[in-house]
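2 protein chains.
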Amino acid sequence: MSASGLHVAVVGATGAVGQQMVQTLENRNFPIRKLTLLSSARSAGTKVSYNGQDIIVEEAKPESFEDVDIALFSAGGSISKLFAPEAVKRGAIVVDNTSAYRMDPDVPLVVPEVNEEDLRTHNGIIANPNCSTIQMVVALEPIRKKYGLSKVVVSTYQAVSGAGAAAIEELHTQSQDIIDGKEAKPEILPVKGDQKHYQIAFNAIPQIDKFQDNGYTFEEMKMINETKKIMHMPQLKVAATCVRLPVVTGHSESVYIELESENTTVSELQALLESAPGIVLQDRPEEQLYPMPAHSVGKNDVFVGRIRKDLDDQKGFHLWIVSDNLLKGAAWNSVQIAESLVKLGIVK
Amino acid sequence: MSASGLHVAVVGATGAVGQQMVQTLENRNFPIRKLTLLSSARSAGTKVSYNGQDIIVEEAKPESFEDVDIALFSAGGSISKLFAPEAVKRGAIVVDNTSAYRMDPDVPLVVPEVNEEDLRTHNGIIANPNCSTIQMVVALEPIRKKYGLSKVVVSTYQAVSGAGAAAIEELHTQSQDIIDGKEAKPEILPVKGDQKHYQIAFNAIPQIDKFQDNGYTFEEMKMINETKKIMHMPQLKVAATCVRLPVVTGHSESVYIELESENTTVSELQALLESAPGIVLQDRPEEQLYPMPAHSVGKNDVFVGRIRKDLDDQKGFHLWIVSDNLLKGAAWNSVQIAESLVKLGIVK
Numbered sequence: 001m002s003a004s005g006l007h008v009a010v011v012g013a014t015g016a017v018g019q020q021m022v023q024t025l026e027n028r029n030f031p032i033r034k035l036t037l038l039s040s041a042r043s044a045g046t047k048v049s050y051n052g053q054d055i056i057v058e059e060a061k062p063e064s065f066e067d068v069d070i071a072l073f074s075a076g077g078s079i080s081k082l083f084a085p086e087a088v089k090r091g092a093i094v095v096d097n098t099s100a101y102r103m104d105p106d107v108p109l110v111v112p113e114v115n116e117e118d119l120r121t122h123n124g125i126i127a128n129p130n131c132s133t134i135q136m137v138v139a140l141e142p143i144r145k146k147y148g149l150s151k152v153v154v155s156t157y158q159a160v161s162g163a164g165a166a167a168i169e170e171l172h173t174q175s176q177d178i179i180d181g182k183e184a185k186p187e188i189l190p191v192k193g194d195q196k197h198y199q200i201a202f203n204a205i206p207q208i209d210k211f212q213d214n215g216y217t218f219e220e221m222k223m224i225n226e227t228k229k230i231m232h233m234p235q236l237k238v239a240a241t242c243v244r245l246p247v248v249t250g251h252s253e254s255v256y257i258e259l260e261s262e263n264t265t266v267s268e269l270q271a272l273l274e275s276a277p278g279i280v281l282q283d284r285p286e287e288q289l290y291p292m293p294a295h296s297v298g299k300n301d302v303f304v305g306r307i308r309k310d311l312d313d314q315k316g317f318h319l320w321i322v323s324d325n326l327l328k329g330a331a332w333n334s335v336q337i338a339e340s341l342v343k344l345g346i347v348k
Numbered sequence: 001m002s003a004s005g006l007h008v009a010v011v012g013a014t015g016a017v018g019q020q021m022v023q024t025l026e027n028r029n030f031p032i033r034k035l036t037l038l039s040s041a042r043s044a045g046t047k048v049s050y051n052g053q054d055i056i057v058e059e060a061k062p063e064s065f066e067d068v069d070i071a072l073f074s075a076g077g078s079i080s081k082l083f084a085p086e087a088v089k090r091g092a093i094v095v096d097n098t099s100a101y102r103m104d105p106d107v108p109l110v111v112p113e114v115n116e117e118d119l120r121t122h123n124g125i126i127a128n129p130n131c132s133t134i135q136m137v138v139a140l141e142p143i144r145k146k147y148g149l150s151k152v153v154v155s156t157y158q159a160v161s162g163a164g165a166a167a168i169e170e171l172h173t174q175s176q177d178i179i180d181g182k183e184a185k186p187e188i189l190p191v192k193g194d195q196k197h198y199q200i201a202f203n204a205i206p207q208i209d210k211f212q213d214n215g216y217t218f219e220e221m222k223m224i225n226e227t228k229k230i231m232h233m234p235q236l237k238v239a240a241t242c243v244r245l246p247v248v249t250g251h252s253e254s255v256y257i258e259l260e261s262e263n264t265t266v267s268e269l270q271a272l273l274e275s276a277p278g279i280v281l282q283d284r285p286e287e288q289l290y291p292m293p294a295h296s297v298g299k300n301d302v303f304v305g306r307i308r309k310d311l312d313d314q315k316g317f318h319l320w321i322v323s324d325n326l327l328k329g330a331a332w333n334s335v336q337i338a339e340s341l342v343k344l345g346i347v348k
């Protein structure tokens with residue numbers, strides 16, 4: 001920490017994403033004068049390492065946000081609803097990684113590669129989008145800009161770490177039980193607070209978050225609504241099917257898109273995405289080079305490959321998009337927003 | 001076996017699918033006078049149980065097919081190319097579960113729920129479609145018949161058993177190694193005969209079969225071409241992205257379709273599929289009822305759920321289709337073709 005930097009708070013510092021936030025702040029050498037780590041009463045007292053020094057996690061209270069410049073929240077929507085206004089009241093800018101404020105018209109929903117300028121319109125709270133949305137819009141935005149975009153149909157392949165540390169533990173325990181010929185005992189996935197739980201090991205569960213009355217899950221509706229908001233395209237056709245897999249970390253997405261312009265080629269899309277911010281192109285089928293979740297872990301990039309032209313529709317293309325859901329999908333995008341706030345002079 | 005039945009041969013009787021064929025013949029009480037089990041020289045001598053009696057597997061030779069009425073082939077395309085004509089020459093009807101003859105215009109490609117009548121046009125060989133194709137067309141055909149069908153975009157979630165018994169072993173070994181903190185040693189998947197091999201445990205690999213020059217894999221092109229042939233719809237728009245998962249058995253598919261008729265409702269599609277042959281509807285989101293691979297194992301049915309109307313396109317719908325890839329995807333569809341041959345009086 002340096003004398004001249006900012007006072008940053010991380011709320012939910014002991015969770016799967018919170019820990020990645022602290023680690024990412026360190027890795028990025030973010031200009032920090034003081035780091036305050038906050039949590040529920042239950043986790044208070046835990047020590048978290050930052051730049052070789054142990055910081056004791058404190059219980060979050062309204063007063064905890066006095067003198068804070070930027071507060072990164074990732075402790076569940078109810079905690080954000082409770083404390084984000086308190087932080088704003090005390091002069092902090094909140095970057096909230098829950099779904100609490102994402103669709104609030106007064107709250108910018110930001111992926112810096114796509115709509116960094118929206119940060120200028122903030123009223124104290126900035127929302128970090130859903131993990132599966134972020135990696136998709138990073139890949140789609142350069143395409144939209146150059147060729148126009150009219151339709152998106154995505155099927156996801158999502159890792160259990162999106163459901164927290166207990167879900168990771170459940171996947172490992174169930175995998176071992178099944179290898180040992182024992183029965184799996186599902187207790188958490190697909191949704192901890194829902195009525196039924198299903199085996200995730202060696203299975204695929206087509207439910208992430210609870211169901212809405214229209215038959216879509218909340219996760220699917222997040223992808224649909226957030227994509228339109230981030231890309232400033234209320235008219236964009238977006239459909240999503242979200243599926244949980246026995247993968248620890250790294251979300252994958254099979255995405256079908258329709259462009260506005262005709263006669264675009266695969267090579268043109270590859271060249272465009274290769275030079276686009278935040279993207280690593282991995283698309284050489286002849287060398288079996290394509291993105292995979294196991295190779296994305298620990299990296300900030302969005303990996304794109306398997307780009308194919310639709311065989312029937314001149315405007316149709318298929319892509320395979322992979323990213324570490326805890327980093328670009330959560331912690332890194334939040335820290336990146338904080339970096340943009342500094343860069344744009346919004347936080348001084 | 002009864003004195004009045006047929007002489008059936010199974011080629012590849014010791015493989016993952018071949019064993020399921022023998023088991024399915026037994027479960028269905030197929031009218032068998034004599035059962036001849038054939039394999040490569042390497043596996044000859046193995047004993048396989050059928051109706052409580054051990055049958056010794058013999059090395060396949062042209063003469064093995066003397067007096068055979070129906071020969072079920074599942075020993076790889078090169079074996080089919082070598083022996084299927086020999087079997088036909090000797091008066092047998094071949095049901096071939098490899099890709100060797102599927103796109104041959106003189107060979108019917110049959111899923112009995114969809115195009116059973118095509119069996120009448122056979123010239124000795126009948127092809128059994130690719131596993132991922134079969135379960136999809138079973139669900140799409142009733143929809144096509146009633147509402148018309150113009151476009152299909154499918155993303156698959158495929159089990160390793162489609163790549164054989166060694167791939168199942170590889171998934172288990174790798175899973176144990178990773179749980180134990182060791183490094184995974186990929187040797188088989190995604191494609192045994194391809195240059196590179198990748199970890200399948202806790203990962204997702206967007207490659208099944210080798211790549212074609214157009215960037216699609218052979219598996220994807222099989223789904224595209226076979227769907228058009230089986231449904232007699234050369235003009236149908238079909239696109240596929242095929243992905244291998246750490247699931248032992250049970251393929252899942254996220255399918256987006258566009259109908260020809262407008263104003264169809266989810267309830268109408270549910271009612272239609274509920275009474276369609278070979279389908280079990282599992283679609284009650286409010287009870288978290290939807291198809292999953294772990295629940296499909298050992299069953300002949302195609303399970304359909306998560307039926308949703310597209311939120312933008314009046315003609316668009318989304319479905320989630322799951323089936324046991326070794327049964328309806330392979331062994332059961334082959335035996336079902338044999339049953340149809342008897343029922344239609346083609347084999348007597």
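Quick note, the sequences are listed as chains L and E, same order. If you read the first sequence in full-length UniProt numbering, its first letter stands for residue 1, the second for the next number, and so on. If you read the second sequence in full-length UniProt numbering, its first letter stands for residue 1, the second for the next number, and so on. Heads up, the beta-carbon is just placed ideally off N, CA and C, and yes, glycines get one too. Computed from a predicted structure; not experimentally measured.
Legend entry - Separation of residue 228(L) from residue 292(E), as counted between CA atoms: 30 angstroms
Inset, instruction - Sort out for me which residues DSSP pairs residue 9(L) with in a bridge. - result: 36(L) and 71(L)
Legend entry - C-beta atoms of residue 134(E) and residue 333(E) nearer than 8 angstroms: yes
Legend entry - Counted within 10 angstroms of its Cβ, other Cβ atoms place residue 203(E) as buried (16 or more) or exposed: buried
Inset, instruction - Identify the continuous alpha helix (DSSP H) that holds residue 295(E) and give its terminal residues. - result: 293-296
Inset, instruction - Could you please tell me which residues of the segment 270-292 of chain L, in chain order, have their CB closer than 9 angstroms to any CB of chain E? - result: 283, 285, 286, 287, 288, 289, 290, 291 and 292
Legend entry - Cβ separation of residue 321(L) and residue 136(L), assumed to be a contact under 8 angstroms, to the nearest whole Å: 6 angstroms
Legend entry - residue 241(L) at chain E interface by Cβ criterion, 8 angstroms: yes
Legend entry - Stretch-stretch touch, CB-based, cutoff 8 angstroms, three pairs: the segment 160-175 of chain E with the segment 273-289 of chain E: no
Legend entry - Alpha-carbon spacing of residue 108(L) relative to residue 316(L), whole angstroms: 30 angstroms
Inset, instruction - Tell me whether residue 234(E) is buried or exposed, calling it buried when 16 or more other Cβ atoms sit within 10 Å of its Cβ. - result: exposed
Legend entry - CB contact flag (residue 159(L), residue 247(L), <8 angstroms): yes
Inset, instruction - Please state if the CB of residue 244(E) and the CB of residue 205(E) are separated by a distance shorter than 8 angstroms. - result: yes
Legend entry - Enclosing alpha helix (DSSP H) for residue 89(L) [first to last residue]: 77-89
Inset, instruction - Could you name the residues that DSSP lists as bridge partners for residue 59(E)? - result: 39(E)
Inset, instruction - For residue 247(E), return the contacting residues in chain L, with the cut-off set at a CB-CB distance below 9 angstroms. - result: 202, 203, 204, 245 and 246
Legend entry - Validate contact between the segment 40-59 of chain E and the segment 12-25 of chain E using beta carbons, cut 8 angstroms, 3 pairs: yes
Legend entry - Cutoff 8 angstroms: residue 228(E) Cβ touching any chain L Cβ: no
Legend entry - Validate contact between the segment 328-346 of chain L and the segment 147-154 of chain L using beta carbons, cut 8 angstroms, 3 pairs: no
Legend entry - residue 257(L) at chain E interface by Cβ criterion, 8 angstroms: no
Legend entry - Supposed close pair residue 395(E), residue 112(E) - CB separation, criterion 8 angstroms: Within the shown structure, residues of chain E are numbered from 1 to 348, placing residue 395(E) beyond reach of any answer.
Inset, instruction - Could you check which residue in 250(E), 239(E) and 251(E) has the C-alpha nearest to that of residue 258(E)? - result: 239(E)
Legend entry - Own chain residues within Cβ distance below 8 angstroms of residue 47(E), not counting five before or after: 54, 55, 56 and 57
Legend entry - residue 219(E) beta carbon near the ligand COA (any heavy atom closer than 7 angstroms): Absent from the structure shown: the ligand COA. Ligands present: none.
Inset, instruction - State the Cα-Cα distance for the pair residue 132(E) and residue 348(L), rounded to the nearest angstrom. - result: 56 angstroms
Inset, instruction - Go ahead and pull the three-state DSSP assignment for residue 326(E). - result: coil
Legend entry - Collapsed DSSP secondary structure at residue 48(L) in the structure displayed: strand
Inset, instruction - Give me the Cβ distance between residue 8(E) and residue 38(E), rounded to the nearest whole Å; I'm assuming they're in contact under 8 angstroms. - result: The pair is not a contact, with the Cβ atoms about 11 angstroms apart (cut-off 8 angstroms).
Legend entry - Pairwise C-alpha distance: residue 28(E) and residue 50(E): 12 angstroms
Legend entry - Local conformation of residue 218(L) per DSSP, three classes: helix
Inset, instruction - Give the DSSP bridge partners of residue 321(E), in chain order. - result: 253(E) and 304(E)
Inset, instruction - Can you grab the Cα-Cα spacing for the pair residue 304(E) / residue 256(E), in whole Å? - result: 13 angstroms
Inset, instruction - Run the CB neighbour count on residue 74(L), radius 10 Å, all protein chains shown included, and call it buried at 16 or more, exposed below. - result: buried
Legend entry - Beta-carbon proximity list for residue 77(L), same chain, < 8 angstroms, skipping 5 on both sides: 98, 99 and 100
Legend entry - contact_flag[the segment 113-124 of chain E, the segment 281-288 of chain E] where n(CB pairs < 8 angstroms) is 3 or more: no
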